[in-house]
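Visitor: Below: one structure in structure tokens.
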Amino acid sequence: METSKIKFIDLFSGIGGFKMALSANGGECIGFSEIDKDAIETYCDNYRISPALNFGDIRKIEKLPEHDLLTAGVPCQSWSIAGKNLGFNDDRGQLWNDTIYLLNQSQPKAFIFENVKGLVDPRNKSALQYILKRITQAGYYANYYILNSHDYGVAQNRVRIYIVGFREKQFFDKFNPPRSIEKKIVLADILDIDLPEIESNNEQVDLFGFSEKVNKQMSLSSKNGYNDYFLFNDLRNGETTIHSWDILDTTDREKDICLLLLKNRRKKQFGLLDGNPLSLVQIQKIDPSINFYELEDLVHRDILKKVFYRFKVLASCDTDLTDSEAELLKFAHDGVLQLDIIKTQNSLRLNSRTLSGLLSSLINKEVISCIEERYEFKNTKISSGIDGINRIFLPTSDVFPTLVASDTNDFVALKHVDRETNESYKKKFLEEVYFTKQYRKITKEEACLIQGFPRNFKLPESRSRWMKLIGNSVSVPVVSSLIDSIVSTEVFD
Numbered sequence: 110m111e112t113s114k115i116k117f118i119d120l121f122s123g124i125g126g127f128k129m130a131l132s133a134n135g136g137e138c139i140g141f142s143e144i145d146k147d148a149i150e151t152y153c154d155n156y157r158i159s160p161a162l163n164f165g166d167i168r169k170i171e172k173l174p175e176h177d178l179l180t181a182g183v184p185c186q187s188w189s190i191a192g193k194n195l196g197f198n199d200d201r202g203q204l205w206n207d208t209i210y211l212l213n214q215s216q217p218k219a220f221i222f223e224n225v226k227g228l229v230d231p232r233n234k235s236a237l238q239y240i241l242k243r244i245t246q247a248g249y250y251a252n253y254y255i256l257n258s259h260d261y262g263v264a265q266n267r268v269r270i271y272i273v274g275f276r277e278k279q280f281f282d283k284f285n286p287p288r289s290i291e292k293k294i295v296l297a298d299i300l301d302i303d304l305p306e307i308e309s310n311n312e313q314v315d316l317f318g319f320s321e322k323v324n325k326q327m328s329l330s331s332k333n334g335y336n337d338y339f340l341f342n343d344l345r346n347g348e349t350t351i352h353s354w355d356i357l358d359t360t361d362r363e364k365d366i367c368l369l370l371l372k373n374r375r376k377k378q379f380g381l382l383d384g385n386p387l388s389l390v391q392i393q394k395i396d397p398s399i400n401f402y403e404l405e406d407l408v409h410r411d412i413l414k415k416v417f418y419r420f421k422v423l424a425s426c427d428t429d430l431t432d433s434e435a436e437l438l439k440f441a442h443d444g445v446l447q448l449d450i451i452k453t454q455n456s457l458r459l460n461s462r463t464l465s466g467l468l469s470s471l472i473n474k475e476v477i478s479c480i481e482e483r484y485e486f487k488n489t490k491i492s493s494g495i496d497g498i499n500r501i502f503l504p505t506s507d508v509f510p511t512l513v514a515s516d517t518n519d520f521v522a523l524k525h526v527d528r529e530t531n532e533s534y535k536k537k538f539l540e541e542v543y544f545t546k547q548y549r550k551i552t553k554e555e556a557c558l559i560q561g562f563p564r565n566f567k568l569p570e571s572r573s574r575w576m577k578l579i580g581n582s583v584s585v586p587v588v589s590s591l592i593d594s595i596v597s598t599e600v601f602d
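With our numbering, letter number 10 in the sequence shown gets 119, and the count goes up by one each step, no holes.
Written out as structure tokens, the structure reads:
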């Protein structure tokens, strides 16, 4: 059977990453399912397909027409580290049941389902086993594969799980996941930046030809012992880490205090969290010369912040409490409520904002009062970075980080920085790239190429809208490679 005769249905189609890969190989789309208005318009506009082919909300589809291949990029937020990791407790997690119901009802010859790598994390083991069990009950032989988009022709580190299944065991037994391509696409291949020839370790490097193996789990790029990116972060330390005290005009003494806090904040003697605020008393036990006024000055400089850490529960209080407030107070010990104990209680499921609101409410109701403040870095959300910058990637980088619907605080440098020593490398980056603002976010055209779409793929003008669409899509070359492997089993002959 020729590939052109493969009839497929595209569930959770988004902007058509599956469709582009299949159509390029002659596949025929006989219908798709999507509810996002921007995605529907983009899909129909780029592929010149009638909106009448949209089946709409998958939860309302009772029956699919006969087809050979079913594809689905099931919404991933339930399993993503960027979400709340609620799995099947999230309505979006339940969409797996709707997908498998339609698989069982329509019985195509094969299918491909895509999701974030979080689905294979140990905490989601039971969920993945449940999904595979349901697929087996639907009459299919299936397995899951962890693939990185960079291995198949895009300059992006994008690790995803692909579940591939066949109705007949003979074809499942013949299926092999696609092999990684030898010549990788790297960031310099797609950036709209004029770059000179670059010397590295006295050897000429062809920016548009070099390629190195990228481990499937790595998210960044390095060569010759040097990172090809700079991380803006106060909670980590490394040769290419930029801290807020590197950017602001600080003294050596202030830098030393910040590094002392950075070095000690993860020690278990200071609390149960992976990173703990430290009190003045605790800091002075490490270095007695540090005084209150020095810490307060760093607070005023917006490098540190003060957090309420320990609270006394007022026994005389008879104020009415909400259920959440009452639940929070259950974790008090000997009349004291402590921040690290609260945050390590999985049963509470509180985000930082909700917890802060509850504590403020209890203070206002005079149910608790703060008896200890501690010092922490102001920039504590790793993905937010510093002043809106998480990472800046040099043009020599192999990959760009995973594109996500919410956009990221990742940028690309507009010029290369020579690597000599660790100290000079960081200094030159700050002087020649950061302080001179020789960096920017990726463009719409570059984002398309990073996902394997053509440069001229039509997307909305608004960055937030096109970033949501491109970040939610699958990488086209990965799907193309999977289709080739499926076709090679002769399942469609």
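Just so it is clear, CB atoms sit at the ideal spot from N, CA and C, and this is done for glycine as well. Just so it is clear, the structure is predicted and the values come from calculations on it, not from any experiment.
Counting along the chain, where does the alpha helix (DSSP H) carrying I244 start and finish?
Guide: Your numbering for residue 244 matches position 135 in the sequence shown. Counting along the chain, the alpha helix (DSSP H) containing I244 begins and ends at 234–246.
Visitor: According to DSSP, is L568 helix, strand or coil?
Guide: Along the sequence shown, read from residue 1 onward, the residue named residue 568 stands at position 459. Looking at L568 - three-state DSSP - the assignment turns out to be coil, as it is neither helix nor strand.
Visitor: So is N266 buried or exposed if we call it buried at 16+ other beta carbons inside 10 Å?
Guide: Position 157 of the sequence shown, counting from 1, holds the residue named residue 266. Answer is buried; the Cβ neighbour count reaches 16.
Visitor: Rounded to a whole number of angstroms, what is the C-alpha to C-alpha distance between R201 and E143?
Guide: Within the sequence shown, numbered from 1, the residue matching residue 201 stands at position 92. Within the sequence shown, numbered from 1, the residue matching residue 143 stands at position 34. Residue placement at R201 is poorly supported in this model, since its pLDDT is 40, which falls under 50; the coordinates still yield a value, given next. Computed Cα separation, rounded: 14 angstroms.
Visitor: Where E676 and P287 are concerned, what is the direct C-alpha to C-alpha distance, given to the nearest angstrom?
Guide: Limits of the chain in this structure are 110 at one end and 602 at the other, which puts residue 676 out of reach.
Visitor: Have a look at K415 and E436 and give me their C-alpha separation to the nearest angstrom.
Guide: By one-based count along the sequence shown, residue 415 stands at place 306. By one-based count along the sequence shown, residue 436 stands at place 327. Spanning the two alpha carbons is a distance of roughly 25 angstroms.
Visitor: To which residues of the same chain is I399 closer than 7 angstroms at the C-beta, ignoring the five residues directly before and after it?
Guide: Here residue 399 corresponds to residue number 290 of the sequence shown, with the count starting at 1. So the list reads I366, I392, Q393, once near-sequence residues are dropped.
Visitor: Between the Cα of C153 and those of T598, R374, K567, L457, spot the shortest distance and give me the residue it belongs to.
Guide: Position 44 of the sequence shown, counted from the first residue, corresponds to residue 153. Looking at the Cα atoms, K567 is the closest of the given residues.
Visitor: Quick one: any contact between the region 404–413 and the region 445–457, if contact means 3 or more CB pairs under 8 angstroms?
Guide: Judged by Cβ distances under 8 angstroms, the region 404–413 makes no contact with the region 445–457, as fewer than three pairs qualify.
Visitor: Quick check: the Cα distance between R572 and K553, rounded to an integer number of angstroms?
Guide: The sequence position of residue 572 within the sequence shown is 463, counting from 1. The sequence position of residue 553 within the sequence shown is 444, counting from 1. If I take the Cα positions, the gap works out to 8 angstroms.
Visitor: Please list, in chain order, all residues of the same chain as G126 whose beta carbon is under 8 angstroms from its beta carbon, the five residues on each side excluded.
Guide: As a working mapping, residue 126 is identified with position 17 in the sequence shown. Answer for G126: G182, Q560, G561, F562, S582, V583, S584, V585, V588, listed in chain order.
Visitor: Using beta-carbon positions only, say whether F284 and V273 come within less than 8 angstroms of one another.
Guide: As a position in the sequence shown, residue 284 is number 175, starting the count at 1. As a position in the sequence shown, residue 273 is number 164, starting the count at 1. Against a cut-off of 8 angstroms, the Cβ pair of V273 and F284 comes out as a contact.
Visitor: Once DSSP output is grouped into helix, strand and coil, what is the label at I592?
Guide: If you number the sequence shown from 1, residue 592 lands on position 483. The answer is helix: DSSP assigns I592 an H, G or I state.
Visitor: Does the count of Cβ pairs from the region 448–456 and the region 347–361 closer than 8 angstroms reach three?
Guide: Verdict: no, contact absent.
Visitor: Can you give me the C-alpha to C-alpha distance between L464 and D432, rounded to a whole angstrom?
Guide: Translated into positions along the sequence shown, residue 464 becomes position 355. Translated into positions along the sequence shown, residue 432 becomes position 323. So the alpha carbons of these two residues sit roughly 13 angstroms apart.
Visitor: Kindly indicate which three-state DSSP category I115 falls into: helix, strand or coil?
Guide: If you number the sequence shown from 1, residue 115 lands on position 6. DSSP places I115 in coil when its eight states are reduced to three.
Visitor: Whole angstroms are fine: how far does the CA of Y250 sit from the CA of S597?
Guide: Taking the first residue of the sequence shown as 1, we reach residue 597 at position 488. Taking the first residue of the sequence shown as 1, we reach residue 250 at position 141. Taking the straight line joining both Cα atoms gives about 17 angstroms.
Visitor: Could you give the C-beta distance for G497 and N342, rounded to a whole number, given that I count them as a contact under 8 angstroms?
Guide: Counting from 1 along the sequence shown, the entry for residue 497 is found at position 388. Counting from 1 along the sequence shown, the entry for residue 342 is found at position 233. Not a contact, Cβ separation roughly 13 angstroms.
Visitor: Which residue wins for smallest C-alpha separation from I501, given the options R362, I551, N233?
Guide: Counting from 1 along the sequence shown, the entry for residue 501 is found at position 392. The option with the nearest alpha carbon to I501 is I551.
Visitor: Report the three-state DSSP secondary structure of V585 (helix, strand or coil).
Guide: Translated into the one-based positions of the sequence shown, residue 585 becomes position 476. Reduced to three states, the DSSP call for V585 is helix.
Visitor: Would you check if there are 3 or more beta carbon pairs closer than 8 angstroms linking the region 114–134 to the region 151–166?
Guide: Yes, the region 114–134 touches the region 151–166.
Visitor: What separation, rounded to the nearest whole angstrom, lies between the Cα atoms of G165 and T489?
Guide: Position 56 of the sequence shown, counted from the first residue, corresponds to residue 165. Position 380 of the sequence shown, counted from the first residue, corresponds to residue 489. The alpha-carbon atoms of G165 and T489 are separated by roughly 41 angstroms.
Visitor: To the nearest angstrom, report how far apart K293 and V508 are at their CA atoms.
Guide: Here residue 293 is taken as the residue at index 184 of the sequence shown, counted from 1. Here residue 508 is taken as the residue at index 399 of the sequence shown, counted from 1. Spanning the two alpha carbons is a distance of roughly 10 angstroms.
Visitor: Hey, out of Y548, N565, E348, I592, whose CA is closest to I302's CA?
Guide: Here the question's residue 302 lines up with position 193 in the sequence shown. Of the candidates Y548, N565, E348, I592, the one whose C-alpha sits nearest the C-alpha of I302 is Y548.
Visitor: If I follow the unbroken alpha helix (DSSP H) through A362, where does it start and stop?
Guide: Locating residue 362 in the sequence shown gives position 253, counting from the first residue. The residue you asked about is not Ala; residue 362 is Arg in the sequence shown. Start and end: 361–373.
Visitor: Measure how close the beta-carbons of A247 and N213 come, nearest whole angstrom, since I'm counting them as under 8 angstroms.
Guide: One-based indexing of the sequence shown puts residue 247 at position 138. One-based indexing of the sequence shown puts residue 213 at position 104. Rounded, the Cβ-Cβ distance is 4 angstroms, consistent with contact.
Visitor: Quick one: using the 10 Å Cβ neighbour count with 16 as the cut-off for buried, is K218 buried or exposed?
Guide: As a first step, residue 218 is located in the sequence shown; it is residue number 109 there, counting from the start. By the 10 Å Cβ count, K218 comes out buried.
Visitor: Is E599 helix, strand or coil by DSSP?
Guide: As a position in the sequence shown, residue 599 is number 490, starting the count at 1. Reduced to three states, the DSSP call for E599 is coil.
Visitor: Does the beta-carbon of R375 have 16 or more other beta-carbons within 10 angstroms, so that it is buried, or is it exposed?
Guide: By one-based count along the sequence shown, residue 375 stands at place 266. Looking at its Cβ environment, which holds fewer than 16 other Cβ atoms inside 10 Å, R375 is exposed.
Visitor: DSSP state of R483, grouped into three classes?
Guide: Sequence index remark: in the sequence shown, residue 483 carries index 374 (1-based). Note: R483 maps to strand in three-state DSSP.
Visitor: Hey, how far is the Cα of V521 from the Cα of L368?
Guide: In the sequence shown, the residue the question calls residue 521 occupies position 412. In the sequence shown, the residue the question calls residue 368 occupies position 259. Looking at the two C-alpha atoms, the distance is approximately 27 angstroms.
Visitor: Spatial neighbours of I592 within its chain, please: C-beta separation below 7 angstroms, excluding the five flanking residues on both sides.
Guide: For the purposes of this step, residue 592 is identified with residue 483 of the sequence shown, where counting begins at 1. So the list reads A130, L131, N134, once near-sequence residues are dropped.
Visitor: Can you give the Cα-Cα distance for D411 and K487, rounded to whole angstroms?
Guide: The sequence position of residue 411 within the sequence shown is 302, counting from 1. The sequence position of residue 487 within the sequence shown is 378, counting from 1. Distance between the alpha carbons of D411 and K487: 6 angstroms.
Visitor: Could you give the DSSP three-state label for D315: helix, strand or coil?
Guide: The residue you call residue 315 lines up with position 206 of the sequence shown. Confidence at D315 is low in this model, with a pLDDT of 34, below 50, so its placement is unreliable and no value can be given for it.
Visitor: So for R419, helix, strand or coil by DSSP?
Guide: On the sequence shown, position 310 is the one that residue 419 refers to. Strand at R419.
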